[in-house]
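Visitor: Before I ask anything, here is the structure I am working with.
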Amino acid sequence: MSDAISRATFDQVMVPNYSPAGFIPVRGLGSRVWDQGGREFIDFAGGIAVNALGHCHPELVAALTEQAQKLWHVSNVFTNEPVLRLARLLTELTFADRAFFCNSGGEANEAAFKLARKYASDHFGADKHQIVACKNSFHGRTLFTVSVGGQPKYTEGFAPVPAGIAHTPFNDIEALERAVTDRTCAVVIEPIQGEGGVLHADLAFLQAARELCDQHGALLIFDEVQTGVGRSGSLYTYMEYGVTPDILTSAKALGGGFPIGAMLTTEPIAKSFSPGTHGSTYGGNPLACAVAHKVVQIVSQPEVLAGVKRRHQRMVAGLRALNEQYPVFKDIRGVGLLLGCELAPEYAGRARDLLKAAEDQNLMVLVAGPSVLRLAPSLVIDDQDIDQGLERLAAALAVFA
Ligand code: PLP
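Going by the working numbering, the first residue of the sequence shown is number -13, and it counts up by one from there.
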């Protein structure tokens, strides 16, 4: 058998739950990526809001290789220095007093939902177990997190699913007031619905959620898996809104491309997890934590966060100018470097065609649902890469429109 790897190999050996692009990336640097044949792409996708500092950022490579020469894994039977350093940094920089680490966003949410139920059970009894989530939301792919997520397409065929979950329309305060009761243990919200189409929560909705949770003894969980670690121009998006959750989940950009997830919470709530109640073999792995510590150190610098807001202006101005030339978008929205361009009604449902047209012009982009083009580039992308990427998008729009 030949050793050659090609896109056809995917169709031979992989479970077909993805449909990746026709090329195979083999190398990346900053916001540029090269495929097997040396073809160069500009990356506006950022590994789905993961590569916060672009590809192979020298300080992340140094943090990873330095740790790789010291200690890779010991499990949570032992603790390690990188995990404690990371937990200390995150608790210094956020509302939280305590951190739990895992390997992905879905697992961070799974931990958050379990902690909320356990806390309610400890303090109020088992009847207080209902989780209120938003329609159109996305919280991961485990059975619990797809059930809490507000997109029925992700639970179809997987019944029976966990019970005790209610869904309410995003940004509808009256519906939220009806949904939250004394049996509610948690309300979970993405401050910006990423997969759902890059839709930001209204400040009044988040404030109402905070008040309702306080009134009913429920915990407010913000899923910041996609919006966290600088993407909005603040370290976490709750800081932009000034509404503080009880539990926050983080992943994606936290590791800048190295898998890690975190659940952050306060001391009294954390106490509901005692030794043995929850865990993860790899959670708090030294390699992941060494890289994440460096990511958070860099991204939390005020000039890096200010740079996200400046790049937002440049990207949005460029996208609006493109839309004057090729009027295909009815809305260009988003916060920081999480941008959504919603297709006008005559192009509705064709976001994937635009993604393919961009690929043909050597530009990597994302979609968020059938009608929204999503951009989540590196938080430190060069102006030149922004401008050249927009030129490539213009070429794609010329073919698509
Ligand atoms: N929560 C949100 C808001 C997300 O956007 C995602 C992934 O897109 C997840 C959770 C799941 O994260 P992961 O794929 O790392 O499990």
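Where a beta carbon is used, it is the ideal one built from N, C-alpha and C, also for glycine.
A quick note: this is a predicted structure, and the numbers were derived from the prediction, not measured.
Looking only at C-alpha atoms, which of Cys199, Ile233, Phe30, Arg169 sits nearest to Thr80?
Guide: If you number the sequence shown from 1, residue 80 lands on position 94. It is Ile233.
Visitor: Buried or exposed, going by whether 16 or more other CB atoms sit within 10 Å of the CB of Ala119?
Guide: Position 133 of the sequence shown holds residue 119. With 16 or more other Cβ atoms within 10 Å, it is buried.
Visitor: Does the beta-carbon distance from Ala195 to Leu162 come in below 8 Å?
Guide: Residue numbering aside, residue 195 sits at position 209 when the sequence shown is read from its first letter. Residue numbering aside, residue 162 sits at position 176 when the sequence shown is read from its first letter. Contact annotation: Ala195 and Leu162 have beta-carbon atoms nearer than 8 Å.
Visitor: In the structure shown, what three-state DSSP assignment does His298 receive?
Guide: Along the sequence shown, one-based indexing puts residue 298 at 312. Helix, per DSSP.
Visitor: Using a Cβ-Cβ cutoff of less than 6 Å, which residues in the same chain neighbour Ala278 once the five nearest sequence positions on both sides are dropped?
Guide: The residue given as residue 278 occupies position 292 in the sequence shown. Here the set comprises Leu72, Leu240, Gly241, Ile246.
Visitor: Rounded to whole angstroms, what is the Cα-Cα separation between Lys114 and Asp(-11)?
Guide: Within the sequence shown, residue 114 is the residue found at index 128, counting from 1. Within the sequence shown, residue -11 is the residue found at index 3, counting from 1. Roughly 56 Å separates the two Cα atoms.
Visitor: Based on Cα-Cα distance, which residue from Asp21, Ala145, Gly326, Leu101 lies nearest to Val184?
Guide: For the purposes of this step, residue 184 is taken as residue 198 along the sequence shown, with counting starting at 1. Measuring from the Cα of Val184, the nearest candidate turns out to be Gly326.
Visitor: Comparing alpha-carbon positions, which option in Leu198, Ala31, Pro177 lies nearest Leu189?
Guide: What you label residue 189 is simply residue 203 of the sequence shown in a count that begins at 1. Leu189 has its Cα closest to that of Pro177, out of Leu198, Ala31, Pro177.
Visitor: Given this structure, state the Cα-to-Cα distance separating Asn157 from Ala387, to the nearest angstrom.
Guide: The residue labelled residue 157 in the question sits at position 171 within the sequence shown. The residue labelled residue 387 in the question sits at position 401 within the sequence shown. Approximately 32 Å between the Cα atoms of the pair.
Visitor: For the ligand PLP, is there any heavy atom lying closer than 7 Å to the beta carbon of Val63?
Guide: Working through the sequence shown from its first residue, we reach residue 63 at position 77. It does not: the Cβ of Val63 is nowhere closer than 7 Å to a heavy atom of the ligand PLP.
Visitor: Distance check for Asp317 and Arg84, CA to CA, integer angstroms please.
Guide: Numbered from 1 along the sequence shown, position 98 holds the residue referred to as residue 84. Numbered from 1 along the sequence shown, position 331 holds the residue referred to as residue 317. Approximately 39 Å, taken between the alpha carbons.
Visitor: Over the uninterrupted beta strand (DSSP E) stretch that includes Pro11, give me the two end residues.
Guide: Residue 11 sits at position 25 when you count from the first residue of the sequence shown. Its beta strand (DSSP E) spans residues 11 to 15.
Visitor: Which word fits Leu46, buried or exposed, when buried means at least 16 other C-beta atoms lie within 10 angstroms of its C-beta?
Guide: Translated into the one-based positions of the sequence shown, residue 46 becomes position 60. That one is buried.
Visitor: If we count the other Cβ atoms within 10 Å of its Cβ and call it buried at 16 or more, is Met0 buried or exposed?
Guide: To locate residue 0, count along the sequence shown from 1; it is residue 14. Residue burial is scored here from C-beta neighbours: Met0 has fewer than 16 other C-beta atoms within 10 angstroms and is therefore classed as exposed.
Visitor: My output table needs one value for Phe64: the three-state DSSP class, helix, strand or coil.
Guide: By 1-based counting over the sequence shown, the position of residue 64 is 78. Coil at Phe64, not helix or strand.
Visitor: Check whether the segment 363 to 374 touches the segment 6 to 20, counting contact only when three or more Cβ pairs, one atom from each stretch, lie closer than 8 Å.
Guide: At 8 Å Cβ cutoff, the stretches touch.
Visitor: Is the beta carbon of Val60 less than 8 Å from the beta carbon of Lys238?
Guide: Within the sequence shown, the letter at position 74 stands for residue 60. Within the sequence shown, the letter at position 252 stands for residue 238. Contact flag unset, no.
Visitor: I want to know whether the segment 94 to 106 touches the segment 42 to 58 - three or more CB-CB distances under 8 Å.
Guide: The segment 94 to 106 and the segment 42 to 58 do not touch, with fewer than 3 CB-CB distances between them shorter than 8 Å.
Visitor: Can you give the Cα-Cα distance for Ala187 and Val229, rounded to whole angstroms?
Guide: Locating residue 187 in the sequence shown gives position 201, where the first residue counts as 1. Locating residue 229 in the sequence shown gives position 243, where the first residue counts as 1. Cα to Cα, the separation comes out at about 11 Å.
Visitor: Which term fits Arg296, buried or exposed, when burial requires 16 or more other beta carbons within 10 angstroms of its beta carbon?
Guide: For the purposes of this step, residue 296 is taken as residue 310 along the sequence shown, with counting starting at 1. Classification for Arg296: exposed.
Visitor: Let me check you understand the geometry: is the CB of Arg127 closer than 7 Å to at least one non-hydrogen atom of the ligand PLP?
Guide: Residue mapping note: residue 127 aligns to position 141 of the sequence shown, counting from 1. Yes, the ligand PLP has a heavy atom inside 7 Å of this Cβ.
Visitor: Does the beta-carbon distance from Leu305 to Ile34 come in below 8 Å?
Guide: Locating residue 305 in the sequence shown gives position 319, counting from the first residue. Locating residue 34 in the sequence shown gives position 48, counting from the first residue. No, the pair does not count as a contact, with Cβ atoms beyond the cut-off.
Visitor: Compute the beta-carbon to beta-carbon distance between His298 and Gly322, rounded to the nearest angstrom, for a pair I have assumed lies under 8 Å.
Guide: Mapped onto the sequence shown, residue 298 falls at position 312. Mapped onto the sequence shown, residue 322 falls at position 336. Sure, about 5 Å apart at Cβ, within 8 Å.
Visitor: Put Phe386 into one of helix, strand or coil per three-state DSSP.
Guide: As a position in the sequence shown, residue 386 is number 400, starting the count at 1. Helix, per DSSP.
Visitor: Could you work out which residue in Leu39, Tyr333, Ala49, Ala102 is closest to Gly203 when comparing CA atoms only?
Guide: Against the sequence shown, residue 203 aligns to sequence position 217. Nearest of Leu39, Tyr333, Ala49, Ala102 to Gly203, Cα basis: Ala102.
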